[in-house]
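*Asks:* Under my numbering, the first residue of the sequence shown is numbered 906, with each subsequent residue one higher. Attaching a single structure in structure tokens format; questions to follow.
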Amino acid sequence: MESLISSDTRSSEGPRATDTSAAAVAAARMGASDVLVFAHTHGRSHLLLGGVGLGEAWAGTVAVEERDEPRFVAATEGQTLRIQQDEPVRIVGPYYASSAALVPADGVVVGRGRGHPDGRRH
């Protein structure tokens, strides 16, 4: 089984067309430049394990606490959230996007979107 965590897939334009990892292929099919995979670590904390684009770049450096992340908590409780805004909004941790989704999947939460780090536009 191929891992959701890919390697060497980051570019300023999102996943490379030549990357065939499962995460990169899924991201490309969804039109997402970023896929972020979070897993529960302890208490009410979650760590970004990896993904595609910013998910890969930020792997292991982003931890979120549920008390600070109402959208994320809904996903940990089994809800799929879709966010569509005219301007970028904070989705989870330092990740901003105008279009995104948070999806619970087999004990992890997967975020996907066309990101805007720290609220900046591409």
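Cβ coordinates follow ideal geometry from the N, Cα and C atoms, glycine included.
Using C-beta distances below 7 Å, list every residue in its chain close to Ala979, excluding the 5 sequence neighbours before and after it, in chain order.
*Replies:* Counting from one through the sequence shown, the residue named residue 979 turns up at place 74. Cβ neighbours of Ala979 beyond the five flanking positions: Leu986.
*Asks:* Looking at the structure shown, is Glu992 part of a helix, part of a strand, or coil, going by DSSP?
*Replies:* Counting from one through the sequence shown, the residue named residue 992 turns up at place 87. DSSP places Glu992 in strand when its eight states are reduced to three.
*Asks:* Could you check the C-alpha separation between Ser912 and Phe977 for me, to the nearest Å?
*Replies:* Locating residue 912 in the sequence shown gives position 7, where the first residue counts as 1. Locating residue 977 in the sequence shown gives position 72, where the first residue counts as 1. Only weak support exists for where Ser912 lies, its pLDDT of 34 falling under 50; the coordinates are left without a value.
*Asks:* Measure the C-alpha to C-alpha separation of Pro993 and His947 and round it to an integer number of angstroms.
*Replies:* One-based indexing of the sequence shown puts residue 993 at position 88. One-based indexing of the sequence shown puts residue 947 at position 42. Spanning the two alpha carbons is a distance of roughly 30 Å.
*Asks:* Beta-carbon within less than 6 Å of Trp963's beta-carbon, same chain only, minus the 5 sequence neighbours each way: which residues are those?
*Replies:* Numbered from 1 along the sequence shown, position 58 holds the residue referred to as residue 963. Same-chain partners within the cutoff: Leu953.
*Asks:* For Gly998, which residues in the same chain have their Cβ closer than 6 Å to its Cβ, ignoring the five residues on either side in sequence?
*Replies:* The residue given as residue 998 occupies position 93 in the sequence shown. Only Val967, Val969 meet the Cβ criterion.
*Asks:* Spatial neighbours of Glu974 within its chain, please: CB distance less than 7 Å, with the 5 preceding and 5 following residues excluded, ordered by chain position.
*Replies:* Here residue 974 refers to the residue found at position 69 when the sequence shown is read from its first residue. Once the five neighbours on either side are set aside, the close Cβ partners of Glu974 are Val997.
*Asks:* What are the residues that DSSP puts in a beta bridge with Arg987?
*Replies:* Counting from 1 along the sequence shown, the entry for residue 987 is found at position 82. Arg987 pairs with Ala1006.
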